[in-house]
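When we follow our numbering, the leftmost residue of the sequence shown carries the number 5, and every step to the right adds one. What follows is a single structure, written as structure tokens, with notes after it.
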Amino acid sequence: MPQPRADLSLRKGYHSPQVPVDVRLNTNESPFPPPEGWSDALAEEVRHTSFNRYPDRSAYALREALGELHGVRPEQVFAANGSNEVLQSLFLAYGGPGRKAALWEPTYALHSHIAHLTGTQVVAGRRGPGFSLGADDALELVEREQPSIVLLCSPNNPTGRAEDPSTVSAALSASGALVVVDEAYGQFSSWSALGLVGDGVPLVVVRTFSKTWSMAALRLGYLVGPSEVVRALERVALPYHLDSLKQAAGRLALKFTAEMERRVSAIVAERERLADELSHMAVELWPSQANFLLLRPLRRSGSEVWQGLVERSVLVRDTSSWPGLEGCLRVTVGLPKENDRFLAALSEVLA
Ligand SMILES: *Cc1c(COP(=O)(O)O)cnc(C)c1O
5 MPQPRADLSL
15 RKGYHSPQVP
25 VDVRLNTNES
35 PFPPPEGWSD
45 ALAEEVRHTS
55 FNRYPDRSAY
65 ALREALGELH
75 GVRPEQVFAA
85 NGSNEVLQSL
95 FLAYGGPGRK
105 AALWEPTYAL
115 HSHIAHLTGT
125 QVVAGRRGPG
135 FSLGADDALE
145 LVEREQPSIV
155 LLCSPNNPTG
165 RAEDPSTVSA
175 ALSASGALVV
185 VDEAYGQFSS
195 WSALGLVGDG
205 VPLVVVRTFS
215 KTWSMAALRL
225 GYLVGPSEVV
235 RALERVALPY
245 HLDSLKQAAG
255 RLALKFTAEM
265 ERRVSAIVAE
275 RERLADELSH
285 MAVELWPSQA
295 NFLLLRPLRR
305 SGSEVWQGLV
315 ERSVLVRDTS
325 SWPGLEGCLR
335 VTVGLPKEND
345 RFLAALSEVL
355 A
């Protein structure tokens with residue numbers, strides 16, 4: 005058989021093990037289904053879609069609706085199949101052989117994964133105490149390495165901490181790099197880089213329908229940024245990459261922002277309750293601005309605790325082998341009763 009690219013053998017695929025359990029708190033999805041009114045509107049849309057025709061290649065109506073949501077022009081919005089495809093498009097357009105992407109570990113593993121797949125060299129710094137990334141540390145790496153892409157993640161997955169606004173500004177002022185702020189969890193946070201976006205500013209903010217919008221199955225993500233960046237991304241996107249139904253689904257979802265905001269508040273309240281309960285247990289815990297918490301059991305190894313939770317039918321993410329996260333686990337905030345199951349199981353395992 006023909007052999008695939010030799011460098012692929014160095015890389016494992018990216019996936020989270022799925023084990024059949026009662027309580028799944030491992031992939032940061034929303035525990036709530038999407039609003040019923042949205043499902044009804046989408047069903048109606050199915051009847052009126054011309055499936056014999058190619059979709060609107062520019063996804064204009066969707067981009068117009070997203071632009072309205074964020075107070076930008078449709079030309080400043082690029083949408084794709086999940087924010088992961090948005091990131092891949094960014095790497096295809098701005099990365100590639102001979103170019104570098106800067107990021108700071110620990111962070112979202114898919115950033116360096118996509119960099120490698122697109123032949124982009126990764127230059128990785130380390131986050132400091134409490135997983136903070138100071139403006140000076142960020143500047144130092146960017147000035148030394150002169151990357152084409154600077155990747156920030158705010159709030160950062162899997163640590164939960166939002167990037168410091170001064171770090172984003174420093175990265176913007178530093179170089180000719182395109183600064184990418186991945187805000188997959190942006191709505192759970194008290195700060196967003198969206199306010200800094202504008203034509204002529206080398207910044208894009210990436211968002212997704214997968215987390216806050218309760219629509220992980222839809223595979224829809226987008227970025228807001230300068231129109232010249234959007235034009236470059238359109239050159240690397242496959243023709244008709246966004247199907248008609250997905251375009252409609254995303255556009256219809258934006259009619260339910262109030263429901264979405266209620267879901268966000270409910271999850272933030274549960275996050276605070278969970279953090280409070282965990283602070284009385286034998287774990288180290290980091291403050292989170294997202295819909296998950298990172299913790300480190302004090303007297304047991306991370307994978308031992310992960311296994312003990314699985315035996316009690318609770319699945320969390322075992323991050324204990326990730327760079328800089330020795331012994332850590334990441335737990336997604338679920339429904340109150342799921343969080344209670346997690347807390348009960350954890351206290352048994354730690355006892
Ligand atoms: C979950 C997540 C995404 C989402 O990817 P989609 O392809 O939109 O589902 C993007 N970035 C980060 C940091 C994430 O944690």
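Here a beta-carbon is modelled for each residue, glycine too, at the ideal position from N, C-alpha and C. Remember, it's a predicted structure, so these values are computed and weren't measured experimentally.
query                                                                                           : result
Where residue 42 sits in the DSSP three-state scheme                                            : helix
Exposed unless 16 or more other CB atoms sit within 10 angstroms - verdict on residue 330       : exposed
Where residue 171 falls: helix, strand or coil (DSSP)                                           : helix
CA nearest to the CA of residue 167, picked from 159, 173 and 174                               : 159
Distance between residue 115 and residue 87 (C-alpha atoms, nearest Å)                          : 11 Å
Whole-angstrom distance between residue 204 and residue 345, CA atom to CA atom                 : 49 Å
Nearest-angstrom Cβ-Cβ length linking residue 184 and residue 201, presumed shorter than 8 Å    : Contact flag wrong, Cβ pair sits at about 12 Å.
3 or more residues per run - each beta strand (DSSP E) lying fully within the stretch 60-109    : 81-84 and 104-109
Length of the line joining the Cα atoms of residue 257 and residue 42                           : 6 Å
Per-residue DSSP class, three states only, for residue 333                                      : strand
Residue 182 (DSSP reduced to helix, strand or coil)                                             : strand
At least 3 beta-carbon pairs within less than 8 Å: the stretch 291-309 vs the stretch 318-333   : yes
Beta-bridge partners of residue 322, as assigned by DSSP                                        : 333
Closer than 7 Å: residue 83 CB and nearest ligand 1 heavy atom                                  : no
Residues near residue 327 by beta carbon distance below 7 Å, same chain, minus five either side : 109 and 110
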